[in-house]
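Here the sequence shown stands for residues 1 to 223, where the numbers follow UniProt numbering. Even for Gly, the Cβ is constructed at its ideal location relative to N, Cα and C.
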Amino acid sequence: MSYQIAIDGPAGAGKSTIARAVAERLRYIYVDTGAMYRAMGLYMEDHGIDLSDREAVEQAASGVNISIEYENGAQQVILNGENVTGRVRTERAGMLASAVSVHPGVRKKLVQLQQELGSRQNVVMDGRDIGTAVLPGAQLKIFLTASVAVRAGRRFLELQEKGQKADLVEIEKDIEQRDYQDSHREASPLTRARDAVLLDSSELTVQEVIDEILKLCAERELL
Numbered sequence: 001m002s003y004q005i006a007i008d009g010p011a012g013a014g015k016s017t018i019a020r021a022v023a024e025r026l027r028y029i030y031v032d033t034g035a036m037y038r039a040m041g042l043y044m045e046d047h048g049i050d051l052s053d054r055e056a057v058e059q060a061a062s063g064v065n066i067s068i069e070y071e072n073g074a075q076q077v078i079l080n081g082e083n084v085t086g087r088v089r090t091e092r093a094g095m096l097a098s099a100v101s102v103h104p105g106v107r108k109k110l111v112q113l114q115q116e117l118g119s120r121q122n123v124v125m126d127g128r129d130i131g132t133a134v135l136p137g138a139q140l141k142i143f144l145t146a147s148v149a150v151r152a153g154r155r156f157l158e159l160q161e162k163g164q165k166a167d168l169v170e171i172e173k174d175i176e177q178r179d180y181q182d183s184h185r186e187a188s189p190l191t192r193a194r195d196a197v198l199l200d201s202s203e204l205t206v207q208e209v210i211d212e213i214l215k216l217c218a219e220r221e222l223l
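As structure tokens, this is what we get:
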């Protein structure tokens with residue numbers, strides 16, 4: 001039997017950073033589901049598909065292949081044979097992910113792949129609906145959040161460190177818009193699972209969040 005840890009939460013809460021670190025400590029496989037949705041969004045934009053046209057999006061999605069691979073210990077996102085790892089981390093890709101994820105056909109395809117991964121090996125998976133839809137039987141579920149202001153500030157600093165132009169006001173607006181889209185979509189909206197542990201990282205360091213999750217893992221004998 002495989003062990004599953006689900007980490008959900010809104011955009012910019014630090015899910016990927018935390019999930020990756022926890023997986024490394026536990027020697028589990030880290031699955032970044034958000035990157036898969038970002039890759040799907042990029043595919044639609046690259047091919048000029050209207051993201052508001054459900055039929056067109058779902059038809060196109062049926063022919064898309066997205067996989068997660070590891071190279072020298074680093075996760076790589078492969079879209080139809082092309083490595084798009086660098087592209088999926090842009091602000092634009094994040095907005096595209098929120099727009100494309102509202103379509104049930106897209107979610108059904110990606111959820112199936114994610115469930116297959118979780119059934120074969122010990123995983124830490126992060127996203128918007130892992131504990132509620134993808135891995136409802138996960139032994140540990142975390143709902144990681146932080147205030148909009150804190151999340152925007154973190155993203156602003158991250159972009160600056162990468163040498164990219166960043167507008168704090170615009171980033172905050174984008175996060176608020178993504179929060180609304182994610183929590184109001186028809187298919188598997190962002191919501192906290194009933195049995196998920198709530199962690200607000202607004203005033204916690206990354207290490208403090210990691211330590212708290214590892215403590216929960218120890219309590220549930222997942223180490």
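- In the structure shown, the three-state DSSP call for Thr145 is strand.
- With contacts defined by Cβ atoms closer than 8 Å, Arg128 and Leu168 do not form a contacting pair.
- It is roughly 10 Å from the alpha-carbon of Leu198 to the alpha-carbon of Asp8.
- Below 8 Å, enough C-beta pairs join the segment 170-180 and the segment 2-17 to call them touching: three or more.
- Closest in C-alpha terms to Gly63, from the list Leu110, Val84 and Val22, comes Leu110.
- Between Gly41 and Ala97 a beta carbon distance of about 5 Å is seen, short of the 8 Å cut, so the two are scored as contacting.
- The DSSP-derived three-state label of Ile66 is strand.
- Cβ neighbours of Leu214 within its own chain (closer than 7 Å, five residues either side excluded): Val22 and Arg25.
- DSSP places Leu198 within a strand segment (E or B) once states are collapsed to three.
- In this structure, the straight-line span from the alpha carbon of Ile49 to that of Gly105 is close to 15 Å.
- The beta carbon of Asn122 sits closer than 6 Å to those of Ser2, Tyr3 and Tyr28, all from its chain and outside the five residues before and after it, given in chain order.
- Residue Gln75 holds the alpha-carbon nearest to the alpha-carbon of Tyr30 among Arg54, Gln75, Asp53 and Ala93.
- In terms of CA proximity to Phe143, Asp126 leads the group Leu222, Ala152, Arg154 and Asp126.
- Uninterrupted alpha helix (DSSP H) stretches at least 4 residues long and entirely within the segment 92-123 occur at 104-120, given in chain order.
- For Asp53, the secondary structure class from DSSP, reduced to helix, strand or coil, is coil.
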